[in-house]
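Numbering (the working numbering), first residue to last: 15 to 176.
Note that the Cβ used here is the ideal one computed from N, Cα and C, for glycine as well.
Just so you know, these numbers come straight off a predicted model, no measurement behind them.
Structure (structure tokens):
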């Protein structure tokens, strides 16, 4: 995905929206969305935050800014008491769940490998991931996007430690 149009088309489809759906939500015509996706025109800059939210991405992702997803830091610099665990669940049906917890609190759920008390959808998608290992990796210095799951049904789970 090299162009803005390609990214808009990709993320629109990933979000399960038609050009008409997206156009209606952005208060533009479906022809305008078509022109965006074919790189004949670009959305007004004031639309980018709302467009990114509708497509379940950040403005950086929409604009093609590549961030290093996982970073290694010196383990002695890792202070779990100051780190956040962020979990995002995007269901194919359009439901979005965002969980932001201090890592020291999330560690209780993560060490057990069970987050059923937090969100059943996330729990089901994460059941084969050793989340206690995620905490171990963080203690060794891994930070950033550590979980990226897409189910066969189209549900997405992403997890970061920052």
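Judged by beta-carbon spacing, residue 175 lies within the 8 Å limit of residue 157, meaning their Cβ atoms are closer than that value.
Cβ contact annotation for residue 48 (same chain, cutoff 7 Å, sequence separation greater than five): 33, in chain order. DSSP places residue 37 in the helix class (H, G or I) of the three-state scheme. Just so you know, the alpha carbons of residue 109 and residue 69 end up roughly 12 Å apart. Taking each of 152, 164, 42 in turn and checking the Cα distance to residue 88, the smallest one comes out for 152. Taking a C-beta distance under 8 Å as the contact criterion, residue 162 and residue 106 do not qualify as a contact pair.
The shortest CA-to-CA distance from residue 77 to any of 155, 96, 25 is the one to 25. In this structure, DSSP gives residue 58 a state outside helix and strand, which the three-state scheme calls coil.
If you draw a 10 Å sphere on the C-beta of residue 46, you find 16 or more other C-beta atoms in it, and that means buried. Its chain contains 115, 117, 120, 175 as the residues whose beta carbon lies nearer than 6 Å to that of residue 99, once the 5 sequence neighbours on both sides are disregarded; these appear in chain order. Under DSSP, residue 114 takes part in a beta bridge, and its partners are 100. Judged by DSSP in its simplified three-state form, residue 29 adopts coil rather than helix or strand. The closest CA to that of residue 41, considering only 147, 92, 58, 52, is found on 58.
Pairing residue 61 with residue 73 gives a Cβ-Cβ distance that is not under 8 Å. Secondary structure at residue 162: strand, using DSSP grouped into helix, strand and coil. The alpha-carbon separation between residue 154 and residue 146 amounts to approximately 13 Å.
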